[in-house]
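Here's the structure, in structure tokens; my notes come after.
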Amino acid sequence: HPKGLITPPISRYIFLKTFLRGGEKVLEIGTGHSALMAIIAAKLFNCEVWATEISEEFFEYAKRNIERNKVQVKLIKSRGEIIKGLIPEGETFDVIFSAPPYYEKPTKGVLTAIEAVGGGKYGEEFSLRLLEEAIDYLAPGGKVSLFLPDKAPLLNVITEKGEKMGYKVRDIKFKAGTRIRHSLIFTI
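The sequence shown lines up with residues 113 to 300 when you count with this note's numbering.
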């Protein structure tokens, strides 16, 4: 997609490697136009993959990319829901993951507001809402993992509030190219 942003595939793969072991039932929130992480989870980790996308245009691109790659991904169109009201009640996942929006306000870059703006003082609101909603959709021993930049205030507020919700939090920091990224992994 001409306006879509793709984080280097190696960083997406490393992120998935921090929490996937293979064969899990997973839900990706916001798969984007490439559906890259959903495809990697299905192809390389043999996961049962569900994925959501809010942008109509990106949804169509993701659908085509999934078909081109000949993988099974249950792609679901969001109308603004994160999990509740979108995923049927009673459905559970071993892992729920996302590369969530994390900017406090719109930027002048290539990202649209819906892709980039997480809300809140540090861009944390989307991630916190996802964590709140995920609790009811995690299988026993399940986890939530967020792909985030190396921004201490953002990481700290999400970690602290996640712990207050009852999650245990593990931060796996990794470098891909010149950028430092974090896989924040939340377990109940």
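For glycine and all other residues, C-beta sits at the position ideal for the given N, C-alpha and C.
Bear in mind that the values here come from a model prediction, so they are computed numbers and not experimental data.
Closest in C-alpha terms to V161, from the list E169, S167, I152, comes I152.
The C-beta of I166 has 16 or more other C-beta atoms within 10 Å across all chains shown, which makes the residue buried. Proximity of the segment 250-258 to the segment 196-210 meets the contact definition, three or more beta-carbon pairs being nearer than 8 Å. Contact annotation, A154 with V183: C-beta distance approximately 4 Å; criterion of less than 8 Å satisfied. DSSP places S123 in the uninterrupted alpha helix (DSSP H) bounded by 121-129. DSSP places L267 in the uninterrupted alpha helix (DSSP H) bounded by 264-276.
Here DSSP, grouped into helix, strand and coil, assigns K175 to helix. For S239, the uninterrupted alpha helix (DSSP H) segment begins and ends at 237-246. When C-beta atoms of the segment 166-182 are compared with those of the segment 122-130, fewer than three pairs fall below 8 Å, so the two segments do not count as touching.
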